[in-house]
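Chemist: Counting in full-length UniProt numbering, the sequence shown runs from 1 upward without gaps.
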Amino acid sequence: KSQNASYVYKLIQRYASSQTLVTDLKGIVGNDNVSNSRTVRVQHSHDESYHAGHEPDVVVFAQSTDHV
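(1) Check whether the Cβ of residue 56 sits closer than 7 Å to any heavy atom of the ligand ZN, and report yes or no.
(2) Assign residue 18 to one of two classes, buried (16 or more other C-beta atoms within 10 Å of its C-beta) or exposed (fewer than that).
(3) Quick check for students: name the residue ranges of the alpha helix (DSSP H) that lie wholly in the segment 2-67, counting only runs of 4 or more.
(4) Give the single residue among 65, 57 and 8 whose Cα lies nearest to the Cα of residue 39.
Printed below as a string of structure tokens:
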């Protein structure tokens, strides 16, 4: 458990800025497959379920299982 907590803490520190996350994701899946535009985030903030929607910080369009 302490290893997981340490790993999560490191992730939180690294990605305290969403721009750092966006930059790293673009390096993995490519610039065209990552969006943090307001329009795209709103489009991905809800679905047909009864759960309340939540606007994500960034949307990733994975093109392969390697991207996931």
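Beta carbons are placed, not taken as given, at the ideal position from N, Cα and C, and that holds for glycine.
Modeler: Let's see:
(1) Of the ligands one can find in the structure shown there are none, so the ligand ZN has no counterpart to examine.
(2) For the purposes of this step, residue 18 is taken as residue 18 along the sequence shown, with counting starting at 1. So residue 18 counts as exposed.
(3) 2-14, 18-29 and 38-43
(4) Start at 1 with the first residue of the sequence shown, and residue 39 comes out as number 39. Nearest option by C-alpha distance: 57.
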